[in-house]
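See structure below.
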Amino acid sequence: MLHPAGEDAAAVANLFWVMAAGTVVIWLIVMGITVYAVLGKKRPKTERFADRFILVGGVAFPTVTLAALLIFGLALLPDWVRTDRPDLRVHVTAEQYWWRVAYEMPDGSLVNSANELHLPAGQTAEFVLNSTDVIHSFWIPNLGGKMDVIPGRTNLWRLRPTDTGVFRGVCAEFCGPSHALMAFPVVVHEPSGFTTWLAGEATAAEERAGHALFISAGCGACHAVRGTSAGGAVGPDLTHFASRRTMAAGTLPISAENLQSWLIDPSHHKPDVRMPGYASLDAAERDALVSYLLDLK
Amino acid sequence: MTDKRAETEQLAKVWDNPRGWRALSDVNNSIIGLWYFAAAFAFMLFAGALALIIRVQLFVPDNTLVTSEFYSQVFTLHGTVMMFLFAVPIFEAVAILILPGMLGARDLPFPRLSAFGFWCYLIGGVFVCGSIFFNSAPDAGWFMYPPLSTEQSGIGADIWLLGLSFIEVASIAAAVELIVGVLKCRAPGMHINLTPLYGWYVLVVGGMILFAFPPLIAGDILFELERLLDWPFFDVTRGGDPLLWQHLFWIFGHPEVYIIFLPAIALLAMIVPTFAQREITGYSWIVLSALGTGFLSFGLWVHHMFTTGLPSVSLGFFSAASEAVAVPTGIQIFAFIATVMLGSVVRSVPMLFCLGALAVFIIGGLTGVMVAVAPFDFQVHDTYFIVAHLHYTLIGGMLFPVMAGICYYYPLIMGKELSRAYGIWSFWLMLIGFNMAFLPMHLTGMLGMPRRVFTYGADRGWTELNMISSVGAFIFAAGFLLLIWDCVRPKRHQKQVRRNVWNAGTLEWAARFGNSWGMRSIPEVNSRYPLWDDKDFLRKIDEGEGLLADAKEGRRETLVTSVLDAQPIQVLRVGTPSWLPMIAAAGLGCVFIFMTFKWWLPMGLGAVIFLSAVLRWLWTGSAEIPEKETKDIGGGKHIPLYVSGYKSTGWWAMFITMTGDLTAFLALLFGYFFFWTIHPDFPPPGIDGPGWFWPAIAGVFILCAWGLTLGARLVNAAGRPGLARLFLALGWLAALAGGLGLMAGPWTTGLDPTAHAYPAIVWALVIWILAHLATGMLMQGYGFARLLYGKATPTHDADLWNIALYWHFAAFSGVLAAVVIGGFPYLT
């Protein structure tokens, strides 16, 4: 949050610096008075002084300072009843331990993706947050504050990135053994770049070599590869898997080696992960699967 | 003079601590307090070791020292043990140890209750801590948010729930004991406005425990019903809501912070005047601020839930309330500084720790002001910034003052001195180590590190900060261990310290080392610092010129005084060493522990042991009819040995206990209405309520049971104990009918508690009331037997007063429950 790339993050970083400066000054003053009270040579000695001292230091000063801080700070509260349409709406569903992402198109249809978020700079994105299992929390420190993702409730959260770049989003509420491994890269594009990217993401994949194996090994039961017969909805959508920056929700960079190792024993990389291991496949089959996945651009 | 010597010997004999293996049956506050203290520090060291595991794991990125599963257990237990097994019990330990002396009492009013609380605490604590050695510790974080914690397999969550519920019993027992102690056991003449500040803080904190712990107990009950019987209070698929737990937990959890903080500040309020060598300034300011802090702390809980998607107006309100609590805190701090300024400081180790506490706590307070601003909290919530903030408040606001208190009271309790050099070394190591560990965490958090992550990548830029924190943690631990070593190292060759070694002005320093009975005689007090204001004070005490200078009848006695102006109203005979508290605690322990494993038979056996022990304890050890009506306590005062009603300590204890009990019931009702607010249709479509008929019948019978119980006390007082017995018997039948009627409502309408949160909460309310009616029936039976055996008579009727008092509360809860479950569905 100290390197803001979004409107909310910038406002809060600003708020932080003001408060931090105030904190340091107040701490120095109080400790200065304390040291003086212990060591000072000509200290005031009357009860009358003590009463005033307590009144000023303990009542008047904090009341005034805190009132000012509240006015300044609460002005930054988001207005949750606002009805204006955001520029973009993204449905984010948190699951142990990954993120289901779906972009709402102007016609209301959804483009499914997972574990990576793309946003246009300078536009307001609204996140529709849901959880299917336990409580998670959706947080992109560079862009703004966090919002809990609670089963049974739909929380809305808006962010407005200002700078382009690649940032990191995380789960901020402890959600189980792989809580630390539930992240997602956030790519902020220029608006035109975002439109291009979304159009690409919306396209389906073609059936190609390895697809049959993907189905016969059972992958398609959980994972969808749009445009093919793999239509599972349990795990992350893999249609454009190879174009992402990370695999396993921000846990590993995408590489043939990591994919191999992941297929053999996913829980080695991510404890308590829902995906079973595929050590039973022979090496040639795994190689074929890995190259199929790396082709899903 | 020989008379006086014989008196002293008699006192010593009466108050002698049991020796050998019988020492474990002791109940005296000076012993129980020490045990409590030692246990609290043992648990603290355990939790500290867990913290060091955390710091080693985070020392380098991508560390594989411990597994994620183990790490979850480690941080969950670290938080749980520090909060429930150290921070709160240390308050109880210190208060049990020093409060009676401060008030001029010989012991607390219910020593056996202290012992019972201690054994509950020890058994429960060992059970909770021990779980990690079997890899089955709770692992969902110390606030146990469902659904993560409800869906977990294994018994970790059950251990947390049941183990801690058991320990909460100990906390509430101590709160009852200490509140009654402050209200009723002050030395004669010690008007409420002369009470040492520590006493005031104990009063406030005791009160807070009574209103804060019960919501958590209510939450625990709902939680365990969900885990054990699948009642879906927190399951969204069946009408539950995980946020209900968060509300109940934090309605407890925020006051909890002040329950920890205020008693430590109370120690500062005793230490600062001693070393400033003058009375505290702004006594009234401090008392009012303590009350204000206690009150406000119940209006802040939502600031732990800022990011759950609550409406802006709630955020604004709770932000403002959270800032407001800085005002009373500020007043207390400035009053201490003013005291120092007006006095002249004697440099000493306790004072050094006080100053360190101030420096550290103020940082925690100021970052608290920051996170109370909701938009800022959106960023730092659940990050290391919060970890830093909470450790600054808890270590600055609790641990440093407790260390100051240890250095200050060690000579009083142990009769020996601590090393000044060790103290200074320990202080600087702790101060430097602490800041090195926790100051960088603010930054780590703002750079995006969430709390409770077992690993992090090298590319995050958190590596160096985490390394600094880890090194600091070890320096901090070294400083802490140094002081502990200084406390426990053998000091056989050191000579005993002189009395009142710091020249303090308050009453606890009038005791001589080694007397478990406090002062030789109980003085009349007419100032806040009697040792300073009356130079002759100690001599009068020692020569037995005060009150209650003897123990002729061979009984342990202490004075009970009136609440406001401390006029003696009773010579209370307090409990003597007994195995019953330990047996009762062990029985109750069996209930909670075996429930975890679902071993129903041993659990039932435990319940029987518990009930038998408690009944025997009450039958033989309470409301005993004395051999004479009054006792000459000296100074021409003849004070009754038996009182009943609101003059007696027993009545107050019942009143206070039932206040807490009512709070728990109201927390359950809160659950009922919470479900109403989140469901558009309540009761939900397809599920009918329990109807109005049976609840109405139940309400009427419960009122009858109450009326008959109250009537029993009145007719007994009018000299008709036989009629009173009849009333109790009829009341027993009415209570039985009331209970059956209440159960008939949801039973006949076929409410299935596993189907939806609505029938589940109705049943939970019904079960709560049934348990209370059953307890009430047990009491009616007890009263009946007391009358029958002449243990209660028309003039000695404390039992009947207390039973009637119980029934005021039980009937109120019962009727309210009947009205809500029977009537409310017709309103919506």
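Residue numbers (the numbering used here), protein chains in the order written: chain A, 1 to 297; chain B, 1001 to 1828. C-beta: ideal position from N, C-alpha, C; glycine also. Owing to the predicted nature of the structure, the values given are computational and were not obtained by experimental measurement.
Helix, strand or coil: which one does DSSP assign to residue i?
i, result
"B:L1390", "helix"
"A:G231", "strand"
"B:M1001", "For B:M1001, the predicted model reports a pLDDT of 48, less than 50, meaning its position is unreliable; a value from the coordinates is still stated below. The answer is coil: DSSP assigns B:M1001 none of H, G, I, E or B."
"B:R1786", "helix"
"A:V188", "strand"
"B:P1255", "helix"
"B:Y1758", "helix"
"A:H179", "helix"
"B:H1381", "coil"
"B:T1828", "coil"
"A:R168", "strand"
"B:M1190", "coil"
"A:N112", "strand"
"B:E1009", "helix"
"A:G6", "strand"
"A:H223", "coil"
"B:V1371", "helix"
"A:D148", "strand"
"B:L1228", "helix"
"B:A1817", "helix"
"B:F1812", "helix"
Tell me, please, which residues DSSP counts as bridged to residue i.
i, result
"A:R158", "A:E126"
"B:G1130", "Paired residue(s): none; B:G1130 is not in a bridge."
"B:Q1570", "B:V1560"
"B:K1631", "B:I1639"
"A:E95", "A:W98"
"B:I1834", "Missing from the structure shown is residue 1834 of chain B; chain B here goes from 1001 to 1828 and no further."
"B:I1522", "B:L1547"
"A:M247", "A:L252"
Taking C-beta pairs closer than 9 angstroms, name the residues in chain A that residue i reaches, listed in chain order.
i, result
"B:G1316", "L70, L74, L77"
"B:S1136", "Correct list: empty, because the minimum Cβ distance to chain A is about 15 angstroms."
"B:T1455", "A180, L181"
First and last residue of the alpha helix (DSSP H) that includes residue i?
i, result
"A:E47", "47 to 54"
"B:F1166", "1156 to 1184"
"A:R85", "First-last for A:R85: undefined, no H or E at that position."
"A:S137", "Run containing A:S137: none in the alpha helix (DSSP H); it sits in the beta strand (DSSP E), 136 to 139."
"B:K1540", "1537 to 1542"
Just to make sure I have the definition right: I need the residues of chain B whose C-beta is within less than 8 angstroms of the C-beta of residue i. Which are they?
i, result
"A:E126", "Residues of chain B passing the Cβ test: none, with the nearest at roughly 13 angstroms."
Under 7 angstroms between beta-carbons, which chain A residues line up against residue i? List them in chain order, please.
i, result
"B:I1337", "I33, T34, A37"
"B:R1452", "F174, H179"
"B:T1308", "D148, I150"
"B:P1680", "Simply none; closest approach about 14 angstroms."
Would you mind telling me which residues of chain B sit closer than 9 angstroms to residue i, beta carbon to beta carbon, in chain order?
i, result
"A:L66", "A1320, E1323, A1324, A1326, V1327, V1369, A1372"
"A:W27", "A1359, I1362, I1363, L1366"
Residues of chain B with CB closer than 7 angstroms to the CB of residue i, please, in chain order.
i, result
"A:N155", "G1309"
Which two residues bound the contiguous beta strand (DSSP E) that contains residue i?
i, result
"A:H118", "117 to 120"
Check whether the Cβ of residue i lies closer than 7 angstroms to any Cβ atom in chain D.
i, result
"A:T228", "The structure shown contains no chain D; its protein chains are A and B."
Strictly below 8 angstroms CB to CB, what residues from chain A border residue i?
i, result
"B:H1756", "Correct list: empty, because the minimum Cβ distance to chain A is about 13 angstroms."
"B:H1389", "Those do not exist, as B:H1389 stays about 11 angstroms from chain A at its closest Cβ, beyond 8 angstroms."
Quiz item: Closer than 9 angstroms, Cβ to any Cβ of chain A: which residues of the segment 1220 to 1243 of chain B, in chain order?
Solution: Taking 9 angstroms as the Cβ-Cβ cut-off against chain A, the residues of the segment 1220 to 1243 of chain B that qualify are D1235, V1236, T1237, G1240, D1241, P1242, L1243.
Self-check item: Residues of the segment 1050 to 1080 of chain B with Cβ closer than 8 angstroms to any Cβ of chain A, in chain order
Solution: Considering only beta carbons, the part of the segment 1050 to 1080 of chain B lying closer than 8 angstroms to chain A consists of T1067, S1068, E1069, S1072, in chain order.
Quiz item: Which residues, in chain order, does the segment 43 to 68 of chain A contribute to contact with chain B at a C-beta distance below 9 angstroms?
Solution: Going along the segment 43 to 68 of chain A in chain order, one finds R43, P44, K45, T46, E47, F49, A50, D51, F53, I54, L55, V56, G57, G58, V59, F61, P62, T63, T65, L66, A67 with a Cβ nearer than 9 angstroms to chain B.
Self-check item: Contact list for the segment 1254 to 1284 of chain B against chain A, Cβ threshold 7 angstroms
Solution: For chain A, the residues of the segment 1254 to 1284 of chain B that bring a beta carbon within less than 7 angstroms of one of its beta carbons are T1281, G1282, in chain order.
Self-check item: Proximal residues, the segment 258 to 273 of chain A versus chain B, C-beta separation under 8 angstroms
Solution: Residues P271, D272.
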